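Oh and the sequence shown: position 199 is 199 in UniProt numbering, straight run, nothing missing.
Think of the CB as a built atom: it goes at the ideal place given N, C-alpha and C, for glycine as much as any other residue.
Predicted model only: the values in this text are computed from it and were never measured.
Encoded as structure tokens, the structure appears first; notes follow it.
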Amino acid sequence: MKKFECLYEETAMQGNPTLLNEIYTELYITESESGEINNEHEVRQIETQSRRAATEDTPIKCNDIFRPLPGQDKTIRTVLTKGVAGIGKTVSVQKFILDWAEGKENQDVQLIFPLPFRELNLMKNKRISLSDLLNYFFPKTKQMEIISDEYKLFIFDGLDECRLSLDFKSKVKVCNISESASVGVLLTNLIVGNLLPSALIWITSRPAAADLIPSECVHRVTEVRGFNEPQKNEYFMKRISDQSLANRIISHLKSSRSLYIMCHIPVFCWISAAVLEKMLSQAESGEIPKTLTQMYTHFLILQTNIKQKKDYEKNVSDEDMILKLGKLAFQQLVKGNLIFYDEDLRECGIDVTEASVYSGLCTQIFREELGLYEGKVFCFVHLSLQEHLAALYAHLSFTINYINVFDQTKQRLFKFFNQKKNNLLCKLHERAVNEALQSKNGHLDLFLRFFLGLSVESNQTLLQKLLTQTRSYFYIKAETVQYIKQKIRENHSPEKSINLFHCLNELGDDSLMQEIQDNLKSGKIREAKLSSSQWSALVYVLLTSEQKMDVFDLKHFIGEQTKADEVLRYFLPVVKESRSVQ
Numbered sequence: 001m002k003k004f005e006c007l008y009e010e011t012a013m014q015g016n017p018t019l020l021n022e023i024y025t026e027l028y029i030t031e032s033e034s035g036e037i038n039n040e041h042e043v044r045q046i047e048t049q050s051r052r053a054a055t056e057d058t059p060i061k062c063n064d065i066f067r068p069l070p071g072q073d074k075t076i077r078t079v080l081t082k083g084v085a086g087i088g089k090t091v092s093v094q095k096f097i098l099d100w101a102e103g104k105e106n107q108d109v110q111l112i113f114p115l116p117f118r119e120l121n122l123m124k125n126k127r128i129s130l131s132d133l134l135n136y137f138f139p140k141t142k143q144m145e146i147i148s149d150e151y152k153l154f155i156f157d158g159l160d161e162c163r164l165s166l167d168f169k170s171k172v173k174v175c176n177i178s179e180s181a182s183v184g185v186l187l188t189n190l191i192v193g194n195l196l197p198s199a200l201i202w203i204t205s206r207p208a209a210a211d212l213i214p215s216e217c218v219h220r221v222t223e224v225r226g227f228n229e230p231q232k233n234e235y236f237m238k239r240i241s242d243q244s245l246a247n248r249i250i251s252h253l254k255s256s257r258s259l260y261i262m263c264h265i266p267v268f269c270w271i272s273a274a275v276l277e278k279m280l281s282q283a284e285s286g287e288i289p290k291t292l293t294q295m296y297t298h299f300l301i302l303q304t305n306i307k308q309k310k311d312y313e314k315n316v317s318d319e320d321m322i323l324k325l326g327k328l329a330f331q332q333l334v335k336g337n338l339i340f341y342d343e344d345l346r347e348c349g350i351d352v353t354e355a356s357v358y359s360g361l362c363t364q365i366f367r368e369e370l371g372l373y374e375g376k377v378f379c380f381v382h383l384s385l386q387e388h389l390a391a392l393y394a395h396l397s398f399t400i401n402y403i404n405v406f407d408q409t410k411q412r413l414f415k416f417f418n419q420k421k422n423n424l425l426c427k428l429h430e431r432a433v434n435e436a437l438q439s440k441n442g443h444l445d446l447f448l449r450f451f452l453g454l455s456v457e458s459n460q461t462l463l464q465k466l467l468t469q470t471r472s473y474f475y476i477k478a479e480t481v482q483y484i485k486q487k488i489r490e491n492h493s494p495e496k497s498i499n500l501f502h503c504l505n506e507l508g509d510d511s512l513m514q515e516i517q518d519n520l521k522s523g524k525i526r527e528a529k530l531s532s533s534q535w536s537a538l539v540y541v542l543l544t545s546e547q548k549m550d551v552f553d554l555k556h557f558i559g560e561q562t563k564a565d566e567v568l569r570y571f572l573p574v575v576k577e578s579r580s581v582q
């Protein structure tokens, strides 16, 4: 109870922990069809989910995930819960355990063993029995008789962070809890049911790693969808004691569709609450954030201001810390890692004591966790914070040191050419656009939005509050905008086009959008001969509008100039998100 009653969300200034039961807002969890992989960036998956009508699915309460739904006749032993980063999987686990420990729910379970993958990773080179493994993590079990497997629940949180070898085709069979094997082999035998066949298993994962567990080993797949509309409002009303301020924050977020969609992610609600509570309650100068880049840059400034109020013997400059954490964020983002160990830090020139100082100064951005067993684990509080810092590192590396992070080469061309003839930042932006378009799983999509957004003048002004070392540089935004429009015309996948429209939004260009809005208002969309980029713009408009897509009727868009199959091809992303299509 003591370990799980507080939520890791306290602001360093207050120093008083938030009680989970006071702030917890029930998440929207549904039974999912399967553990199939979705290769879009997670923010795109959020946008898709945000438009699905709630009536499509049967919600499941977190405490009921091992209970069959009405009309289902099946025993549920293994549950796989998937959901994007920051959507609330770990907090759901925490709430489940807390309710159990307080005697409120699931009292037929006698023992719960929470074993997060980030801690199990520290034992990847050891051979050990399951009995000894549990004794290591939970020393008090040494006195217990745990041979009987009934009424036990094993929770493996964060499958996407697993660095163990999970080979379900392996012939190595372990049936006895005192038999030694590698930790990966123990886990696969536990999940398959060779070890403790009656014990319940709960695994959580981001969607990209969900297929590491074969579907035949899973009895139920659930999906955490984050907050639905009423839950978003409930979160802010609980989080902010001044109710009129909470209402103003909700109104501001609703005025920017791209921000309000992100509020499906609880972590984003928390970031927005921290920034907007300060900005709307004080006579703050400057623009209230309307884009993701503005919101995250304000959040970073807020955190470094908190850091300056702490008294640390070791004098750490903001620049040094941001550049080092940014380098770690960028290098590990490219590799697809969200948690870091000693060797990852050393690669970026950070030693473990330095990292501990950073996590003490930036409790809301960078976190150090002591494993139950041994060693330390580091991570950014949320993937989007890692993506923002990675983009900031890419931006500053170029503008301060003329380094292109994609090649790690110094671009000394500034020395030789007239800056005006060589809009070099624009060339780097083009390179970043291409890298993101070539990425199979969209892992650079949000990074790209931040990277482009940081070059906008209002964000440059913000950065000057953060860093003394910023250098003025010559940049023609129009060139980047034209390049993005050209890429939209070349019509990569509709999903990629949608991210490029988000990029135009970060750059403050809505010219393509205006053309389409004008056509829609005049009702001439069927007569107009649209270019491929205008079709993409139309899809983006429909996907980011506030109206729910219950019935989508293609005939409103098929005119003399267009064939039905052509329209259908453009509109596939809209079709995927509609409940029914005419």
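Which residue from the options puts its Cα closest to that of residue i?
i                 : options                           : result
glutamine 332     : Asp211, Leu385, Asp320 and Thr297 : Leu385
aspartate 64      : Ile23, Glu22, Ser215 and Val109   : Val109
lysine 210        : Val221, Leu200 and Ile201         : In the sequence as displayed, the identity of residue 210 is alanine instead of lysine. Of the candidates Val221, Leu200 and Ile201, the one whose C-alpha sits nearest the C-alpha of alanine 210 is Val221.
alanine 436       : Ile498, Tyr402, Phe557 and Ala274 : Ile498
proline 289       : Glu368, Arg526, Gly349 and Gly508 : Gly508
tyrosine 393      : Leu542, Pro197 and Leu454         : Leu454
glutamate 31      : Ile76, Asp318 and Ser198          : Ile76
histidine 252     : Ala273, Ser241, His264 and Ser511 : Ala273
alanine 329       : Gln303, Ser356, Phe366 and Thr293 : Phe366
aspartate 429     : Asn194, Val405 and Ser439         : Position check: residue 429 holds histidine in this sequence, whereas aspartate was assumed. Histidine 429 has its Cα closest to that of Val405, out of Asn194, Val405 and Ser439.
isoleucine 29     : Gln94, Asn135 and Asn228          : Asn228
leucine 325       : Met295, Glu287, Ser397 and Val275 : Ser397
arginine 206      : Asn189, Ala199, Pro139 and Gly226 : Gly226
phenylalanine 154 : Leu212, Ser536, Asp99 and Pro197  : Pro197
lysine 2          : Thr25, Thr58 and Leu98            : Leu98
tyrosine 24       : Trp202, Lys171, Val267 and Asp132 : Val267
alanine 355       : Cys379, Lys335 and Val334         : Cys379
tyrosine 475      : His395, Leu543, Val539 and Leu462 : His395
leucine 542       : Ile525, Val574 and Thr562         : Val574
proline 214       : Lys232, Gln303, Glu161 and Thr78  : Thr78
glycine 442       : Glu495, Lys427, Leu462 and Gln486 : Glu495
To the nearest angstrom, report how far apart residue i and residue j are at their CA atoms.
i                 : j                 : result
asparagine 337    : lysine 529        : 45 Å
methionine 279    : glutamate 457     : 20 Å
histidine 298     : lysine 61         : 35 Å
isoleucine 159    : threonine 399     : Note that residue 159 is leucine in the sequence shown, not isoleucine. Leucine 159 and threonine 399: Cα-Cα distance of roughly 38 Å.
residue 584       : lysine 142        : Residue 584 lies beyond the stretch modelled for the chain, which goes from 1 to 582, so this question has no answer here.
threonine 18      : histidine 556     : 51 Å
phenylalanine 168 : valine 192        : 8 Å
valine 567        : methionine 513    : 18 Å
isoleucine 516    : valine 91         : 42 Å
valine 581        : serine 493        : 21 Å
aspartate 318     : alanine 564       : 56 Å
serine 578        : tyrosine 570      : 14 Å
asparagine 21     : glutamate 347     : 40 Å
isoleucine 265    : valine 551        : 26 Å
leucine 166       : arginine 431      : 36 Å
glycine 71        : threonine 81      : 21 Å
phenylalanine 417 : leucine 424       : In this prediction, phenylalanine 417 scores a pLDDT of 42, lower than 50, which makes its location untrustworthy; the coordinate-derived value is nonetheless stated afterwards. C-alpha separation (whole angstroms): 10 Å.
lysine 74         : isoleucine 203    : 19 Å
aspartate 510     : asparagine 519    : 14 Å
leucine 572       : glutamine 464     : 43 Å
glutamate 560     : isoleucine 484    : 29 Å
lysine 576        : tyrosine 402      : 43 Å
tyrosine 373      : proline 139       : Only weak support is given to the placement of tyrosine 373: the predicted model assigns it a pLDDT of 48, under 50, and the value that follows is read from those uncertain coordinates. Using only the alpha carbons, I get a separation of about 10 Å.
leucine 448       : alanine 199       : 44 Å
glutamate 287     : leucine 111       : 52 Å
glutamate 387     : phenylalanine 450 : 8 Å
Under 8 Å by Cβ, that's how I've got residue i and residue j pegged, so tell me the actual separation to the nearest angstrom.
i                 : j             : result
lysine 126        : valine 224    : Actually they are not in contact, since the Cβ atoms of lysine 126 and valine 224 sit about 32 Å apart, beyond 8 Å.
arginine 163      : lysine 124    : 6 Å
isoleucine 339    : valine 377    : 6 Å
threonine 480     : leucine 452   : 7 Å
isoleucine 488    : serine 439    : 17 Å between Cβ atoms; not a contact.
phenylalanine 501 : alanine 478   : Not really, about 17 Å apart at Cβ, beyond 8 Å.
asparagine 194    : lysine 171    : Rounded, the Cβ-Cβ distance is 11 Å, inconsistent with contact.
valine 381        : glutamine 364 : 6 Å
Could you check if residue i belongs to the surroundings of the ligand PLP, using beta carbon to heavy atom distance under 7 Å?
i           : result
leucine 425 : No copy of the ligand PLP appears in this structure; indeed no ligand is present at all.
Query raised in the report: In the segment 435-467, which residue ranges form an unbroken beta strand (DSSP E) of at least 3 residues, counting only runs that do not cross its ends?
Result: none
Report task. Could you tell me whether the segment 117-135 touches the segment 257-277, where touching means 3 or more Cβ pairs closer than 8 Å? Result -> no
**Report entry** Whole alpha helix (DSSP H) elements within the segment 483-509, 4-residue minimum
**Finding:** 494-506
Query raised in the report: Counting Cβ pairs, one atom from each stretch, are 3 or more of them under 8 Å apart for the segment 171-188 and the segment 66-83?
Result: no
**Report entry** the segment 181-193 / the segment 228-247 touching (three or more Cβ pairs under 8 Å)
**Finding:** no
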